[in-house]
Ligand code: FES
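Numbering (this note's numbering), first residue to last: 15 to 124.
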């Protein structure tokens, strides 16, 4: 297990739908709150330099602020061009109010 603490749930509390960017080990992660569920993906868009943590949540999708392509947050699958390649996502674990991921357990996007 390669456990990485991302942040506390209280740090993603700007509303029912919120994002936050967390940098750990020189990698930027985007953390999403969708109601009472939390998700973590890589922050960088696969189409270009867009920061997904600065994007707009639309339903269960994140819209990249650069060219408005979209990804399905729970799976990382691209849902709207110009994005065609999935983003890396990880299963989120909660330990009390701590959000963490296991870097050895990335989801496969399949
Ligand atoms: S950089 Fe994200 S859609 Fe182009």
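Backbone N, C-alpha and C fix where the C-beta goes; we use that ideal spot for every residue, glycine too.
Exercise for review: Run the proximity test for residue 86: is its beta-carbon closer than 6 Å to any non-hydrogen atom belonging to ligand 1?
Suggested key: No, Cβ of residue 86 sits at least 6 Å from all heavy atoms of ligand 1.
Review point. So what does residue 26 bridge to, in DSSP terms?
Key: For residue 26, which the question treats as bridged, DSSP gives no partner whatsoever.
Check your understanding: Would you call the CB atoms of residue 38 and residue 66 closer than 7 Å?
Key -> In this structure, residue 38 keeps its C-beta atom at 7 Å or more from the C-beta atom of residue 66.
Review point. So, are the CB atoms of residue 125 and residue 117 less than 7 Å apart?
Key: Residue coverage of the chain in this structure runs from 15 to 124, which leaves residue 125 outside it and unanswerable.
Check your understanding: With respect to 6 Å, is the separation between the Cβ of residue 62 and the closest non-hydrogen atom of ligand 1 below this value?
Key -> Remark: the C-beta of residue 62 is in contact range of ligand 1, defined as less than 6 Å to any heavy atom.
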